[in-house]
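Chemist: Okay, so the sequence shown: first residue is 22 according to this note's numbering, each after it adds one.
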Amino acid sequence: MLLAIDAHAIGCRLTGNEVYVRNLLAGLAALGADCRILAYVTASNLNGALPPGVERRQIARNPVVRLGYELSRKLRRDRPDLLHVQYTAPLNCPVPVVVTVHDVSFLERPEFFPLLRVQQLRFTVERTVRSAAMVITGSRFSCEAIQRAYALAPEKVTVVPNAAAPIFRPLDCEHAARQVAGKLGIRRPFILTVGDLQPRKNHIGLIEAFAAAKRADPGLPHSLVLAGKPTWFAPRIYEAAERSGLSAEIHFTGFISDEDLLLLYNACEFFVFPSFYEGFGLPLLEAMACGRAVACSNATACPEVAGPAALFFDPNSIDQMASAMLELAGNEKLRSRLEELGQERAAAFSWRLSAEMTLEAYRKASDVAGFVAGKILASSTVSQ
C-alpha cells in the first residue's frame with residue numbers, strides 16, 4: 022500500500038496538529054508494515070523531523086495553493102492508494118481520503134473562535150467529512166460529537182486514541198528545575214498548564230482561580246506557568262494576569278519546544294488542565310508520563326483520557342479550581358498517589374498502538390473506496 026499523508030503542519034508550529042502527524046509518521050514507520058509512506062511537507066528545513074523510511078514531497082505553504090490545486094496535482098503524479106489529512110482535504114482529490122477530525126468545537130462552541138474561522142471550518146470540514154472514506158478521531162466523546170454533527174453512520178468514524186510522545190518521561194526533578202531556571206528564569210515551586218492561548222483552554226478562569234487560591238492561603242509559594250503559543254486571544258489573557266495583581270507570579274513562555282516542555286513538566290509541582298473543550302487533551306498524558314500529579318476539567322474528553330488518574334473540577338467553577346490547586350499544593354500524599362496512577366495511565370497509550378489502529382483504518386477505507394468505485398462502475402455499465 023502506498024500511503025500519502027498531508028504533513029504540512031510539521032515545522033510550522035501548529036502545535037497539536039504538528040504533534041499528531043509527527044508522532045503518527047514515526048509510529049507508522051516503526052511498524053515495518055508492507056507499505057510506503059509519502060509525507061507532503063511545506064517546511065524546507067525539517068531538522069530530522071521525518072523518520073527514516075518516510076519519503077518527502079514538498080508542497081506550497083500557502084493553503085490556497087496547496088489545497089486549491091497543488092496537492093491534488095502531486096497526488097495524480099504519485100498515485101498513492103489514499104491520502105490522510107487533518108480536517109481538510111484538497112479540492113478535486115484524485116484518491117480516497119481518510120480524515121482525522123480531532124474535535125468539532127467550532128460547531129459546538131463557536132464562541133471560542135473568530136467568526137471567519139468558524140465559517141471556513143464549517144465549510145471545509147463538512148466537505149471533507151462527507152467525501153471521506155473514513156473519519157478518525159481520538160476519543161469516544163469526539164466520535165459521538167462528529168456523528169451528531171454530520172449524521173454519519175457509526176462504521177464511518179473510527180476512534181484511535183493519541184499518546185504522549187516517547188520524549189515525555191520522568192527526569193531528575195532537581196536537574197529539570199535548574200534547567201528551567203537557567204533557560205526560562207522560572208523557579209520552583211510552580212503550577213504548570215500547557216496549551217495555546219485561546220478561549221477554550223480557559224486560561225482566564227485558571228488565572229482567577231490562582232488568585233483565589235492565593236487569597237485563601239497567602240503563604241502559598243507557587244507561581245503559575247502558562248506554556249503555549251500566543252493567538253489572537255492572548256491580549257485578553259495578559260490583561261487577566263494584570264488584573265489579578267499577581268502578574269509577577271504568572272509566567273508566559275510562548276511557543277515552547279518539546280525539549281523545554283519536558284523540563285517544565287518535570288520541574289513543576291503539579292499540572293492543571295482547565296479546558297472547557299477538548300477532543301482528546303494530549304497534555305494530560307504528557308504530564309502523567311513525566312510523573313506529575315494532574316488536576317483537570319471534568320468536561321468533554323478530559324475524563325475519558327485521564328481516567329482514574331486525576332483530580333477533577335468543573336471548569337466553570339473558580340472555587341473548584343482554586344480548591345483543587347490548594348489540595349494538590351498542600352497534600353503530598355495525594356500528589357504521590359496521582360503521580361503513580363498517572364504514569365500507569367499514560368503507559369496504557371502508545372503511538373505504536375495508534376499507528377496499528379490507523380493502519381487498520383486505512384485498510385478499511387481502501388476497501389470502502391474500492392466497493393464504492395465498483396458500484397459506480399457497475400451503474401455506469403448498466404446505464405450504457
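Cβ atoms here follow ideal geometry from the backbone N, Cα and C, with glycine treated the same way.
(1) To which residues does DSSP link G240 through a beta bridge?
(2) Measuring CB to CB, does A310 end up less than 8 Å from C317?
(3) Determine the DSSP secondary structure at P304, reduced to helix, strand or coil.
(4) Which of helix, strand or coil does DSSP assign to A248?
(5) Among the residues of its own chain, which have a CB less than 6 Å from the CB of A185, if the five just before and after it don't count?
(6) Use the C-beta contact count for Q79: other C-beta atoms within 10 angstroms, 16 or more gives buried, fewer gives exposed.
(7) What are the boundary residues of the beta strand (DSSP E) that includes M346?
(8) Determine the closest residue to E76 out of C56, N38, L173 and A202, with distance taken between C-alpha atoms.
(9) How many angstroms separate the CA atom of N38 from the CA atom of A170?
(10) I think V246 touches I212, with their Cβ atoms under 8 Å apart; what is that distance to the nearest whole Å?
(11) Tell me, to the nearest whole angstrom, how far the beta carbon of G159 is from that of F301; I am working on the premise that it is less than 8 Å.
(12) Out of L380, P111, R208 and A81, which one is the CA nearest neighbour of C33?
(13) Short of 8 Å in beta carbon distance, which residues of its chain neighbour L284, apart from the five on each side in sequence? Order them along the chain.
(14) Based on Cα-Cα distance, which residue from P336, A330 and C194 lies nearest to A369?
(15) On the DSSP letters alone, give me the boundaries of the alpha helix (DSSP H) that G275 sits inside.
(16) Locate the beta strand (DSSP E) running through V293, then write down its first and last residues.
(17) At the 8 Å Cβ level, is S265 part of the contact set with chain C, yes or no?
(18) Bridge partners for Y61 per DSSP, in chain order?
(19) The alpha helix (DSSP H) spanning S93 covers which residue range?
(20) Distance, Cα to Cα, A154 vs A233?
(21) Just grab the DSSP bridge partners of T179 for me.
(22) Label V122 either buried or exposed according to how many other C-beta atoms from any shown protein chain fall within 10 Å of its C-beta, with 16 as the threshold for buried.
(23) Within the same chain, show all residues whose beta-carbon is closer than 7 Å to that of I167, passing over the 5 residues directly before and after it, in chain order.
(24) Let me check one thing: in DSSP terms, what residues is R120 bridge-paired to?
(25) Tell me, to the nearest whole angstrom, how far the beta carbon of V409 is from that of A28; I am working on the premise that it is less than 8 Å.
(26) Taking the straight line between their C-alpha atoms, what separation do you get for M346 and E377?
(27) Per the DSSP calculation, V315 is bridged to which residue(s)?
(28) Start and end of the beta strand (DSSP E) containing F333?
(29) Can you tell me which of the three DSSP states T379 falls into?
(30) My output table needs one value for G37: the three-state DSSP class, helix, strand or coil.
(31) For S387, count neighbouring Cβ atoms within 10 angstroms of its own Cβ and tell me buried if that reaches 16, exposed if not.
(32) On the CB-based measure, 16 or more other CB atoms within 10 Å of its CB, does D340 come out buried or exposed?
(33) By Cβ distance below 6 Å, which residues in the same chain neighbour E165 in space, the five residues on each side in sequence not counted?
(34) Just checking my contact of A248 with L282 at CB under 8 Å: how many whole Å lie between their CB atoms?
(35) Check each candidate in V181, P251 and C114 and name the one with the smallest Cα separation from R148.
(36) Using 8 Å as the Cβ pair cut-off and three pairs as the minimum, do the segment 229–244 and the segment 342–358 touch?
Modeler: By the coordinates alone:
(1) For G240, which the question treats as bridged, DSSP gives no partner whatsoever.
(2) no
(3) helix
(4) strand
(5) L306, E307, A310 and A367
(6) exposed
(7) Looking at the DSSP string, M346 is not in any beta strand (DSSP E); the run it does join, the alpha helix (DSSP H), is I339 to G351.
(8) C56
(9) 21 Å
(10) 7 Å
(11) 4 Å
(12) A81
(13) L192, A197, Q200, V201 and K204
(14) A330
(15) From DSSP, G275 is part of no alpha helix (DSSP H) but of the beta strand (DSSP E) over I271 to G275.
(16) F291 to F294
(17) The chain labelled as chain C is not found in the depicted structure, where only one protein chain is given.
(18) D27 and R78
(19) L92 to D99
(20) 49 Å
(21) I157
(22) buried
(23) V122, V125, V156, T158, L173 and V178
(24) Here residue 120 turns out to be Val, not Arg, going by the sequence shown. Partner(s): V106 and V156.
(25) Nothing can be reported for residue 409, as the shown portion of the chain is limited to 22 through 405.
(26) 38 Å
(27) F292
(28) L332 to F334
(29) helix
(30) helix
(31) buried
(32) exposed
(33) none
(34) 6 Å
(35) C114
(36) yes
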